[in-house]
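S.K.:
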Amino acid sequence: MPELPEVETVRRGLLVTIGGRRILSAVLNRSDLRRPVPPFLAERLVGARIGALTRRGKYLLIALDGDGLLLVHFGMSGRVTAGGADLPALRHDHLILTFDEGTVLRFNDPRRFGVIDYLARGEEDRHPLLAGLGPEPLEPGFDGVALGAALAHRSSTIKAALLDQKVVAGLGNIYACEALYRARLSPRRRADSLAPRQTARLAEAIRTVLEEAICAGGSSLRDYVQINGELGYFQHQWAVYAREGKPCPGCDCKKGVRRIVQGGRSTFFCAKRQR
Ligand SMILES: [Zn+2]
888 MPELPEVETV RRGLLVTIGG RRILSAVLNR SDLRRPVPPF LAERLVGARI
938 GALTRRGKYL LIALDGDGLL LVHFGMSGRV TAGGADLPAL RHDHLILTFD
988 EGTVLRFNDP RRFGVIDYLA RGEEDRHPLL AGLGPEPLEP GFDGVALGAA
1038 LAHRSSTIKA ALLDQKVVAG LGNIYACEAL YRARLSPRRR ADSLAPRQTA
1088 RLAEAIRTVL EEAICAGGSS LRDYVQINGE LGYFQHQWAV YAREGKPCPG
1138 CDCKKGVRRI VQGGRSTFFC AKRQR
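Residues in the sequence shown are numbered consecutively from 888, following the working numbering.
(1) Please determine whether the Cβ atom of residue 1159 lies at a distance below 7 angstroms from any heavy atom of ligand 1.
(2) Under 8 angstroms between the Cβ atoms of residue 913 and residue 894?
(3) Using 8 angstroms as the threshold, is the C-beta distance between residue 897 and residue 1118 below it?
(4) Between which two residues does the beta strand (DSSP E) containing residue 1070 stretch?
(5) Do residue 883 and residue 1086 have their C-beta atoms within less than 8 angstroms of each other?
(6) Thinking just about the alpha-carbon of each residue, which of 1125, 1103, 1058, 1075 is nearest to the one in residue 1093?
(7) Hey, is residue 1064 close to ligand 1, as in C-beta under 7 angstroms from one of its heavy atoms?
(8) Report the start-end ranges of each alpha helix (DSSP H) in the segment 963–1038 that is 4 residues or longer and not cut off at the edges.
(9) Where residue 900 and residue 1010 are concerned, what is the direct C-alpha to C-alpha distance, given to the nearest angstrom?
(10) Could you please give the first and the last residue of the uninterrupted beta strand (DSSP E) stretch that includes residue 959?
(11) Let's see if you can read the secondary structure: which residues bound the alpha helix (DSSP H) around residue 896?
(12) Quick one: residues in its chain with C-beta nearer than 8 angstroms to the C-beta of residue 1069, no 5 flanking neighbours on either side, listed in chain order?
(13) What are the start and end residues of the alpha helix (DSSP H) that includes residue 1146?
(14) Below 8 angstroms on the Cβ atoms is my contact criterion, and I expect residue 992 with residue 969 to pass it. Report the Cβ-Cβ distance as a whole number of Å.
(15) Once the 5 residues before and after residue 1147 are set aside, which same chain residues still bring their CB inside 6 angstroms of it?
(16) Quick test of the definition: if touching needs 3 or more C-beta pairs under 8 angstroms, does the segment 1025–1040 touch the segment 936–952?
(17) In three-state DSSP terms, what is residue 1153?
(18) Look at the Cβ atom of residue 987, then the Cβ atom of residue 909, and state whether they are nearer than 8 angstroms.
(19) Between residue 943 and residue 1056, is the Cβ-Cβ spacing less than 8 angstroms?
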């Protein structure tokens, strides 16, 4: 499931592949994603030139000349592939854009939990999916004090709180696990039980795991695009995520990484290192 670093890597890949390009054709194959895609979308896209590409949490915002914005969320299984006219069509390609110099972009999402929407520029703060988002963890204002304020009076576990996009925008299951491991905090702690030095450590850990993943994505991006046109997914070595029973790095715990289920999601952690 794409989280902040994957979406950021897609954004950077799109800057290279479609930045400044004009859309020649837009084909919408399905409109029943998590939210209905507006029926006028294809009509608005044709002829538009790509402007700034930005990201908010796990949402991608593609500015179009005129005053439109294309909003994309990848849900559970969303992907973007980019290539020439020979880029193979796949089942579940819901939106296909062709650009003036021949690039074809396909938004593919088998499980259809993703979102494709159109909004007017300036409406971002009022859009129902964007309005309630918490702080951007890579922006300067995000620190232990801000995180501590967001966690105050929350009786859920810290793991559940980190998945709440109102607390911090962009984290999903992978980076919540990785950040808690790096911050040496148990995922079972109550969110409001963290001392100021612990929220500071956690804010720093969140930034670090996200920045490292973006770096890993950037360094593998060129190869990835050449191989199959897919943007945003990359090889990355997690410390704990999906590593149940394996040794955790630089730790002498005997049992290695443990997995528990919290709120229906797997949490991976080290019971010795994380308290
Ligand atoms: Zn360990």
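Just so it is clear, CB atoms sit at the ideal spot from N, CA and C, and this is done for glycine as well.
M.R.: In terms of the structure at hand:
(1) As a first step, residue 1159 must be located in the sequence shown, where it is residue number 272. Yes, the beta carbon of residue 1159 sits closer than 7 angstroms to at least one heavy atom of ligand 1.
(2) Sequence index remark: in the sequence shown, residue 913 carries index 26 (1-based). Sequence index remark: in the sequence shown, residue 894 carries index 7 (1-based). Their beta carbons are not under 8 angstroms apart, which means residue 913 does not touch residue 894 by this criterion.
(3) The count along the sequence shown starts at 1 and reaches residue 897 at position 10. The count along the sequence shown starts at 1 and reaches residue 1118 at position 231. Against a cut-off of 8 angstroms, the Cβ pair of residue 1118 and residue 897 comes out as a contact.
(4) Position 183 of the sequence shown, counting from 1, holds the residue named residue 1070. Where residue 1070 is concerned, there is no enclosing beta strand (DSSP E), given that its DSSP letter is neither H nor E.
(5) Residue numbering for the chain in the displayed model covers 888 to 1162; residue 883 lies beyond these limits and cannot be assessed.
(6) For this step, residue 1093 is matched to residue 206 along the sequence shown. Nearest of 1125, 1103, 1058, 1075 to residue 1093, Cα basis: 1058.
(7) Residue mapping note: residue 1064 aligns to position 177 of the sequence shown, counting from 1. No.
(8) 1031–1038
(9) Indexing the sequence shown from 1 puts residue 900 at position 13. Indexing the sequence shown from 1 puts residue 1010 at position 123. Their backbone Cα atoms lie some 25 angstroms apart in a straight line.
(10) Taking the sequence shown and counting its residues from 1, the one referred to as residue 959 is at position 72. Here the beta strand (DSSP E) through residue 959 covers 955–960.
(11) Within the sequence shown, residue 896 is the residue found at index 9, counting from 1. Segment 891–905, the alpha helix (DSSP H) holding residue 896.
(12) On the sequence shown, residue 1069 is found 182 positions in, with the first residue counted as 1. Same-chain partners within the cutoff: 1092, 1095, 1096, 1126.
(13) By one-based count along the sequence shown, residue 1146 stands at place 259. Careful: residue 1146 lies outside any alpha helix (DSSP H), inside the beta strand (DSSP E) at 1145–1149.
(14) Sequence index remark: in the sequence shown, residue 992 carries index 105 (1-based). Sequence index remark: in the sequence shown, residue 969 carries index 82 (1-based). Indeed they touch by this definition, with Cβ atoms about 5 angstroms apart.
(15) As a working note, residue 1147 is residue 260 in the sequence shown. For residue 1147, where only same-chain residues beyond five positions count, the Cβ hits under 6 angstroms are 1154.
(16) no
(17) As a position in the sequence shown, residue 1153 is number 266, starting the count at 1. The answer is strand: DSSP assigns residue 1153 an E or B state.
(18) Position 100 of the sequence shown, counted from the first residue, corresponds to residue 987. Position 22 of the sequence shown, counted from the first residue, corresponds to residue 909. Contact flag set, yes.
(19) The residue you call residue 943 lines up with position 56 of the sequence shown. The residue you call residue 1056 lines up with position 169 of the sequence shown. A contact, by the Cβ cut-off of 8 angstroms.
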